[in-house]
Amino acid sequence: MTERRPRTSVADIALVEQPLALHDSFGRHLHYLRVSLTDACNLRCVYCMPEDIRFRPPAELMQDHEVLTLIRVGASLGVDKVRLTGGEPTIRRNVVELVREIRAIPGIQRLAMTTNGIRLEELARPLAEAGLDQVNISIDSLDPEKFRRITRRGELADVWRGIEATEAAGLRPVKLNCVVTRGFNDDEVVELARLTLTHPWEVRFIEVMPFGSVADFQMGQVVPSAETRERIEAALGPLMPVPGHNGHDPARSYQLSGAQGRLGFISSVTAPFCEGCSRLRLTADGRLRLCLLRDDEADLLTPLRAGADFATLQRLMAEAAYRKPWGHRLEAHEFAMSREMSQIGG
Ligand code: SAM
């Protein structure tokens, strides 16, 4: 992808001085905040982190009141959707209470979570009762042995029970995320797609993205969405595009004939969707990450801990958002190296 030129200059943007909404220099309106609640995880997926990863000490991570303050700052600037992620968000202490408090923040209209599902059997109902709207559950294989190999420790049965609990708790739509990794699970996409024939779920196939210390490994494992689609169509018949694509949704949606659910394809590497990007990310150590695949960040936690008032935090967030880069530069072999995917949250 070629680097875009900003449409505005800082001088044009009165918003930076009097922030009401978050815009970047390309004119994109940023109203979706993904918040990582922890960099720690109960799995060690091969494409996500090295096996011997060391998690950050708790003192470096945002405390509950700090998470809430920074989301309040975002909401005061027009953030209306929050997704909780990690690491694994469900292993954060007080996650249910945090959900309740985030839901009560004026302006937050949608609160979602991305999780590996391992703890959802016990947590889906309390989370739903606390105000969570929806969950995406990561599941890369339907074969218990392969699932263990990809996650380096997970039990597939736990995830299945988590999916059932999610449905029972009324957290809809159920979206299942599958990162397609060559040589690990690319031979399973048909079976995963088949789930949508009998379940009203959206199964989303994600191209593996290169990051940090595992970037070279990942670039060798990318399976283009076009290849995944062809494989599914060859086995299950034509995929019909679902009309009414929302430009902010990274997934292109399709349906198999007679299916209850949908298929989504997220082609971050082969067909990036930066034009419609409305996202900012808050890492567990309180940095505003401006693009998933670029290292540009703004530290908000240090000023917060140093006593910055609400207006100062608004200004810092708005100025940082303005600097959001257009998108990734994978084609130039520029990889984001400062963090692993697990330290950003996807
Ligand atoms: N632990 C949670 C989970 O498993 O969903 C949330 C964090 S995880 C980093 C968020 C999403 O990023 C998951 O769907 C995961 O499969 C995906 N992911 C991790 N590493 C990736 C990579 N290198 N490329 C593409 N997706 C990745």
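Per numbering that gives the first Met the number 0: the sequence shown = residues 0 to 345.
Glycine included, every Cβ here is placed at the ideal spot set by N, Cα and C.
About 12 Å separates the beta carbon of V268 from that of T227, a gap too long to meet the 8 Å contact definition. Residue pairing from DSSP leaves C273 without any beta-bridge partner. Burial is judged here by how many other beta carbons sit within 10 angstroms of a residue's own beta carbon; N93 has fewer than 16 and is exposed. Using a Cβ distance threshold of 8 Å, R286 and A270 do not count as a contacting pair. A straight-line Cα-Cα distance of about 39 Å links N41 and R3. When DSSP states are grouped into helix, strand and coil, T282 belongs to the coil group. Excluding its 5 nearest sequence neighbours in each direction, P105 has C-beta neighbours in its own chain below 8 Å: A74, listed in chain order. Taking all protein chains in view, the Cβ of L21 is crowded by 16 or more other Cβ atoms within 10 Å, so the residue is classified as buried. With fewer than 16 neighbouring CB atoms inside 10 Å of its own CB, N245 falls in the exposed class. Of the candidates L194, K174, G219, P56, the residue whose Cα lies closest to the Cα of Y46 is G219. By the C-beta criterion, the region 29–39 is judged not to be in contact with the region 133–141, since fewer than 3 inter-stretch pairs fall below 8 Å.
Residues I70, A74, V78, D79, K80, V81, I101 of the same chain have their beta carbon placed closer than 8 Å to that of I107, with the five preceding and five following residues left out of the count.
Taking one beta carbon from each stretch, the region 175–189 and the region 221–236 have 3 or more pairs nearer than 8 Å; the two touch. The alpha-carbon of D284 is positioned some 31 Å away from that of A168. Contact annotation: the region 197–207 does not touch the region 232–241, with fewer than three C-beta pairs closer than 8 Å. Contact between I205 and G153 does not hold, since their C-beta atoms are separated by about 17 Å, which reaches or exceeds 8 Å. DSSP, reduced to helix, strand and coil, places V222 outside both helices and strands of the structure shown, so it counts as coil. A250 is the residue among L312, A250, M316, E229 whose C-alpha sits nearest the C-alpha of L175. Boundaries of the alpha helix (DSSP H) harbouring E318: 309–321, taken from the DSSP string. Here H332 is actually not in contact with C290; their C-beta atoms are around 17 Å apart, not less than 8 Å. In this structure, P209 sits near F334, with a CB-CB distance shorter than 8 Å. In this structure, the CA atom of D294 is about 12 Å from the CA atom of T282.
In the structure shown, I138 falls within a coil segment according to DSSP collapsed to helix, strand and coil.
Within the region 94–166, complete beta strand (DSSP E) segments of at least 3 residues are found at 109–114, 133–137, given in chain order.
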